[in-house]
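Q:
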Amino acid sequence: MIQRIQSLYLLIVVILSFLVLKLTIDPSYDIKLNSLAKNYYVFYFIPLIGIFTLFLYSRRTMQSKMCFVLLGLNILVLIPYCFKIYDGNSSSINLVLITCSMIECILLFVARKAIIKDENLVRSIDRIR
7 MIQRIQSLYL
17 LIVVILSFLV
27 LKLTIDPSYD
37 IKLNSLAKNY
47 YVFYFIPLIG
57 IFTLFLYSRR
67 TMQSKMCFVL
77 LGLNILVLIP
87 YCFKIYDGNS
97 SSINLVLITC
107 SMIECILLFV
117 ARKAIIKDEN
127 LVRSIDRIR
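Right, here's the structure in full:
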């Protein structure tokens, strides 16, 4: 499962999403977001969908679609933090959350690209047979 590079990318995304979830929910950091992401519990779904996507290694097209969904959810999470920074609340914890979310987006994009490349390789081998 972890022998493919896209699985490693997805594993890093899951770890980072758990970090973002912990930093957002922990009351000692005093992060208050009045946003769509917090109200609809998007923070809980990103790690769960990430783990589910990680174990879809045998179904590459479904894994690619789930990476796209995760990318959209991460962008949805990233927007409220950017607005907080724009309003002038640039605490270090918000910058850490923005950085983690951006790294997640980049890794999801690269993982999706690798999954599509892998799927195209498998299809070309099937055509040769």
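Heads up: the sequence shown begins at 7 in the numbering used here, then just goes up one per residue.
Ideal Cβ positions, reconstructed from N, Cα and C, are used throughout, including at glycine.
Does the distance from the C-beta atom of M72 to that of L79 stay below 8 Å?
A: For M72 and L79, no; Cβs fall outside 8 Å.
Q: DSSP three-state call for L62: helix, strand or coil?
A: Of the three classes helix, strand and coil, the one that applies to L62 here is coil, per DSSP.
Q: Mapping the DSSP letters down to three states, classify G94 as helix, strand or coil.
A: Residue state, collapsed to three classes: coil.
Q: Who are the near neighbours of F58 in its chain, counting only those whose CB is closer than 8 Å to its CB and skipping five residues on each side?
A: Once the five neighbours on either side are set aside, the close Cβ partners of F58 are M72.
Q: Determine, using beta carbons only, whether V26 and L114 come nearer to each other than 8 Å.
A: Not in contact: V26 and L114 (Cβ atoms no closer than 8 Å).
Q: Are the beta-carbon atoms of V48 and L17 separated by less than 8 Å?
A: It is not a contact, given that the beta carbons lie outside the stated cut-off.
Q: Are I52 and S70 touching if we call contact CB-CB under 8 Å?
A: Not closer than 8 Å, so no.
Q: Please confirm whether Y92 and I104 have their CB atoms less than 8 Å apart.
A: No, Cβ-Cβ distance for Y92 and I104 is not below 8 Å.
Q: Taking C-beta to C-beta, are L60 and S98 nearer than 8 Å?
A: No. Outside cutoff.
Q: Once you ignore the five residues that flank L127 on each side, which residues in its own chain have a CB closer than 7 Å to its CB?
A: Taken in chain order, the list of residues that qualify is empty.
Q: Let me know the secondary structure DSSP gives R10 once reduced to three states.
A: If DSSP states are grouped into helix, strand and coil, R10 belongs with coil.
Q: What do you reckon, are the CB atoms on R66 and I121 nearer than 8 Å?
A: It is a contact, given that the beta carbons lie within the stated cut-off.
Q: Among the residues of its own chain, which have a CB less than 6 Å from the CB of K90, if the five just before and after it don't count?
A: Same-chain partners within the cutoff: N100.
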